[in-house]
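In terms of the UniProt record's numbering, the sequence shown opens at residue 1 and continues consecutively.
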Amino acid sequence: MSLAVRNLTVSHDRRPAVHHLSFTLRRGGLMAVVGPNGAGKSSLLRAIAGLHSPAEGEIVAEGRVALLPQQAGLDRSFPLSCREAVMLGLWAECGGFGRIAEDGRVLRALEAVGLSGFAGRPVGSLSTGQFQRLLFARLLLQDAPVILLDEPFNALDARTAADLLALVRRWNGEGRTILAVLHDLDLVRDEFPETLLLAREAVAVGPTEEALSPANRLRARRMAEGWDPHAEPCARAA
Ligand SMILES: Nc1ncnc2c1ncn2[C@@H]1O[C@H](COP(=O)(O)OP(=O)(O)OP(=O)(O)O)[C@@H](O)[C@H]1O
C-alpha cells in the first residue's frame, strides 16, 4: 500500500471535520476525493501532508508526500520571485544553501509547466492560471511518490486545465500515487478510476462509477445537510 488511512479523525477546535475514516490506496493509484462543501476534503489532505495532527487514528504513507494546496488559502502578496517560490519545494531535500546549486532544476520545472522566462517575475504579478502552473512546478521539483492535489483545476481556462491534467497523467504513469479533491464529476468519471465520497465520514470508497451512484450522492448530501456545527465535540476524538 502506498497510503493507508485508518480510523482517522481530524478536528478543528475538537469538532471533527473528518470522522473515523479508513481507506487505502495502492502504489500508483489514482483516486478522487469528492463531497459537498465542508465535507472535510481539505482537512483530510492537510492531515495526510502532516500539516494538521490527527485527533485519532493513523496515516501511513510510503515515502514523501507533496501537497498542492487550494489557491484560495495562499498569500500571493508575499515578495517572492517565481524562482524562489519554486525553490521552496526543495527545502526539505536540500535546506537553505543547497538549493542555490539547483537553479537548473528550477528552470527546467518552470519550462515543463509552460513558464519559461518567468523565473524573475514576482509571484504577485501572475494570473490565477500562471500561479497554478507555478505551484505545479514546485510539486514537480519535490519529486514525491505520493501527491495530494486540492482542487487543482479550479478557476482555470480549458488550455491550462488540459496542460496540468497532462502532468497529473504523466506523474501517475510514472507510478506515483495521486489523491485529488475535485468538484467536476465528469472529470472524475473520465480520469479517476477510484473515488472516495466524503461527508466527514466515508459515504463510499471504491471504483468511481459505484462510489458516485445517485444513491451515494444523495446520502452524502443528506449527511452534509444534517451536520450540526454546534453539536457536542466527538467524545472519541478528544
Ligand atoms: N482552520 C480551521 N479552523 C476551524 N474550523 C475549520 C478550519 N478548517 C476547516 N474547518 C472546518 O472544518 C470543516 C471541513 O472543512 P474543509 O475545508 O476540510 O472542507 P472541504 O470539504 O474541503 O470544503 P470545500 O469543498 O468548501 O473546500 C468545515 O466545517 C470548516 O468550517
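Cβ coordinates follow ideal geometry from the N, Cα and C atoms, glycine included.
Would you decide whether residue i is buried or exposed? Buried here means 16 or more other CB atoms lie within 10 Å of its CB.
{"i": "E194", "result": "buried"}
{"i": "A238", "result": "Because the pLDDT of A238 is 41, which lies under 50, any placement of that residue in the model is unreliable, and the number read from its coordinates should be weighed accordingly. It is exposed - the Cβ of A238 has fewer than 16 other Cβ atoms within 10 Å."}
{"i": "A166", "result": "exposed"}
{"i": "M1", "result": "exposed"}
{"i": "F78", "result": "exposed"}
In chain order, what residues of the same chain lie with their CB nearer than 6 Å to the CB of residue i, ignoring the 5 residues before and after it?
{"i": "E151", "result": "Q70 and V181"}
{"i": "N172", "result": "L30 and I178"}
According to the Cβ coordinates, are residue i and residue j closer than 8 Å?
{"i": "V146", "j": "R64", "result": "yes"}
{"i": "L90", "j": "L148", "result": "no"}
{"i": "N7", "j": "G57", "result": "yes"}
{"i": "L212", "j": "L197", "result": "yes"}
{"i": "F136", "j": "L107", "result": "no"}
{"i": "G104", "j": "A224", "result": "no"}
Quick one: Cα of residue i to Cα of residue j, how far?
{"i": "L139", "j": "V113", "result": "11 Å"}
{"i": "A199", "j": "T208", "result": "16 Å"}
{"i": "P16", "j": "A204", "result": "18 Å"}
{"i": "R170", "j": "A161", "result": "14 Å"}
{"i": "R83", "j": "G120", "result": "6 Å"}
Keeping to the same chain, check which residues put their C-beta closer than 7 Å to that of residue i; ignore five residues upstream and five downstream.
{"i": "residue 242", "result": "In this structure the chain extends from 1 to 238, so residue 242 is not present and cannot be described."}
{"i": "V60", "result": "A4"}
{"i": "H19", "result": "T9, R200, E201 and C234"}
{"i": "G129", "result": "L156, D157 and T160"}
{"i": "K41", "result": "V33, G35, V181 and L198"}
Might you give, ordered along the chain, the residues of its own chain that have their beta carbon closer than 8 Å to the beta carbon of residue i, omitting 5 neighbours on each side?
{"i": "R26", "result": "M1, S2 and T177"}
{"i": "F118", "result": "C82, L110, L126, Q130 and L134"}
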